[in-house]
Every structure is written in C-alpha cells, then in structure tokens.
Amino acid sequence: MDPHDQQEPTSTPDTTSEIPAPPGEESAAPESGVAGPVPSTQPAAGPGAAPTWSPPQMWLGPGPYLQRRTWQRTTRNAITAITGVSGAIWALGAIAVIVVGWLMTGFLRTAPFDGAGGVVVSCATRTTGDVSEGTRVVAWSDRTDKIVRTTLRRVKEIERPDPDNAGKTRTVCYLPFTLKGLRSDAAGYTVRIGDTVPQFVTTKSLKEGAFVPVVVQSGGDR
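Quick note: the sequence shown uses the UniProt record's numbering, first residue 1, plus one each step.
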C-alpha cells in the first residue's frame with residue numbers, strides 16, 4: 001500500500017462548551033473559573049439578636065461545710081446569753097413604761113385638788129344679809145361619799161370690767177372660800193353656803209376660782 005494512501009488520524013471535536021448548562025446553574029461558576037463563597041444557612045445576627053449558642057458551663061459538686069472560726073465557737077454561748085438578757089431587759093423596760101404611764105394617767109385623773117370660790121357681797125356692808133364672814137360652806141359629789149366643809153373668809157376686793165361702762169372697771173367685794181381635797185375625775189360639786197339653795201359648780205370652775213351665786217331660800221324651806 002502506498003504510504004500516501006494511509007489515513008491520517010482525525011481529531012475529535014470538543015463539544016463540551018456546546019453542552020447547555022442546567023437551568024438555574026448558568027451563573028454558578030464565574031468566567032474566571034474560581035468558585036464563589038457558599039451562602040450561609042443561618043441568619044445574620046443583628047443588633048439585639050439573641051446569640052445562637054451558649055458558653056459552656058461547669059457546676060461543682062457540693063463540698064463540706066466550712067468550719068466555724070475559733071472565736072465563733074468560744075463566744076457563741078456568751079453572745080447568745082447576752083442577747084437573751086438584753087432582750088429581757090428591753091421587754092421589762094417597755095412593760096415598766098406602760099405601767100408607769102397607766103398609773104400616772106390614773107393619778108392625774110383622780111388627783112385631789114383644792115377648789116376655790118367666793119360669794120359676792122356689798123362692799124359697804126360686807127354681807128348679803130344671809131351670808132357673811134364665817135358662814136359655813138358644804139360641798140359634795142356623786143363620785144365620793146366624802147363631804148367637804150369650810151367657812152367663808154374675810155372679804156376681798158378685786159377690779160373687774162364694768163358691764164355698764166365699756167372700757168372701765170369697778171370694784172367687786174367677795175367672801176372667799178377654799179374646798180380642800182376635791183376629786184379631779186368628778187364632773188363637779190354641789191356647793192351650799194349657809195342656808196341658801198345648793199348650787200352645782202363644775203370641777204373646772206372650782207379649779208379656776210368660781211363665784212357661787214347666793215339664792216336665799218324661803219322661810220318655810222329653811
């Protein structure tokens with residue numbers, strides 16, 4: 001066979017570039033041939049977003065109790081005793097204050113006092129006709145069975161506003177008396193001067209000094 005008649009080797013055409021890419025993957029590989037970054041499947045954490053993981057934690061097992069210090073062991077009983085005694089003292093002090101306050105309140109409520117009063121008389125005659133210096137005074141109250149007795153003393157003079165002349169004063173004469181040992185818790189005392197009609201005088205008025213009006217009884221009532 002003539003060597004010129006031998007068939008020359010034929011080259012297979014490259015058809016790779018002609019094969020179409022699957023739909024959706026045409027732009028998967030860039031023209032430079034370098035693969036791009038793979039997108040992350042986790043959302044990006046923004047401001048205020050909770051972390052997607054927690055740090056590891058380690059818990060130790062319970063250990064033995066710590067021993068008390070030497071001073072705690074030696075002073076525990078003393079501290080307990082002192083605390084108990086001080087608490088008892090405070091309690092007794094509070095009870096004592098309450099009792100003393102109660103006693104003082106009761107004493108002030110029932111404490112005796114000396115009541116003062118007087119009977120207005122004429123400055124010229126120094127008498128009312130039925131009442132004069134030395135007339136007996138008797139007082140009693142429903143709070144006690146005790147009857148207080150005294151007498152009218154020497155006449156006294158005081159200046160008082162004149163109801164008939166505004167801005168002026170007039171001289172008032174009266175026979176004073178003192179009732180000793182009156183009860184503060186009584187609403188008042190019934191006061192009888194001589195043979196006149198008894199008059200009720202409040203405790204407050206007797207403390208401040210009261211003028212007792214004189215009402216003369218009729219002849220048959222004496």
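The C-beta atom is built at its ideal place from N, Cα and C for all residues, glycine as well.
If you check the beta carbons only, do A116 and T190 fall under 9 Å apart? No, the Cβ-Cβ distance between A116 and T190 is not below 9 Å.
In three-state DSSP terms, what is R76? In the structure shown, R76 sits in a helix (DSSP, three-state: H, G or I).
Can you tell me whether K168 is helix, strand or coil according to DSSP? Looking at K168 - three-state DSSP - the assignment turns out to be coil, as it is neither helix nor strand.
At the level of alpha carbons, what is the spacing between T70 and I79? Each residue's Cα considered, the two are about 14 Å apart.
Going by DSSP, what residue range makes up the alpha helix (DSSP H) through E208? Residue range 203 to 208 is occupied by the alpha helix (DSSP H) that includes E208.
Contact check, T125 vs L152, beta carbons under 9 Å: Going by C-beta atoms, T125 is not nearer than 9 Å to L152.
Here's a check: name, in chain order, each residue in its chain whose Cβ is nearer than 8 Å to the Cβ of S27, leaving out the five neighbours to either side. Confidence at S27 is low in this model, with a pLDDT of 48, below 50, so its placement is unreliable and the value that follows should be read with caution. Closer than 8 Å at the Cβ level, and outside the excluded window around S27, lies no residue.
Close Cβ partners of V212 (< 8 Å) along its chain, the five nearest in sequence each way excluded: Excluding residues within five positions, the ones whose Cβ falls inside 8 Å are G117, G118, V119, V191, I193, Q199, V201.
Relative to the alpha-carbon of D145, which residue among G167, W90, G181, L103 has its alpha-carbon at the smallest distance? Residue G181 is the option with its Cα nearest to D145.
With distance defined between alpha-carbon atoms, name the residue in R160, E159, A210 nearest to L179. The shortest Cα separation from L179 among R160, E159, A210 belongs to A210.
Identify whether P213 lies in helix, strand or coil by the three-state DSSP scheme. In the structure shown, P213 sits in coil (DSSP, three-state: anything other than H, G, I, E or B).
For T110, count neighbouring Cβ atoms within 10 angstroms of its own Cβ and tell me buried if that reaches 16, exposed if not. With a threshold of 16 other beta carbon atoms within 10 Å, T110 falls short and is exposed.
If you draw a straight line from the alpha carbon of L206 to that of A94, how long is it in whole angstroms? Each residue's Cα considered, the two are about 37 Å apart.
To the nearest angstrom, how far is the alpha carbon of T105 from that of D130? Approximately 42 Å, taken between the alpha carbons.
Which residue marks the beginning of the beta strand (DSSP E) containing S141, and which one marks its end? Residues 136 to 141.
Indicate the three-state DSSP secondary structure (helix, strand or coil) for G63 in the structure shown. Correct three-state label for G63: coil.
Applying the criterion that 16 or more other CB atoms from any shown protein chain within 10 Å of the CB defines a buried residue, is G101 buried or exposed? Classification for G101: exposed.
Counting only the same chain and skipping the five closest in sequence on each side, list residues whose C-beta sits under 6 Å from that of V155. Within its own chain, the residues whose Cβ lies closer than 6 Å to the Cβ of V155, once the five positions on either side in sequence are excluded, are R126, C173, L175, listed in chain order.
Are V121 and T128 touching if we call contact CB-CB under 9 Å? The answer is yes: Cβ separation under 9 Å.
Spatial distance of W81 from W53 (CA atoms): What sits at residue 81 in the sequence shown is Ala, not Trp. About 56 Å.
Give the straight-line distance between the Cα atoms of R76 and S86, rounded to the nearest whole angstrom. So the alpha carbons of these two residues sit roughly 15 Å apart.
Identify every run of the beta strand (DSSP E) within the segment 93 to 129, keeping only runs that are complete inside it and at least 3 residues long; order them along the chain. At a cut-off of 3 residues, the continuous stretches assigned as beta strand (DSSP E) that sit fully inside the segment 93 to 129 are 112 to 121.
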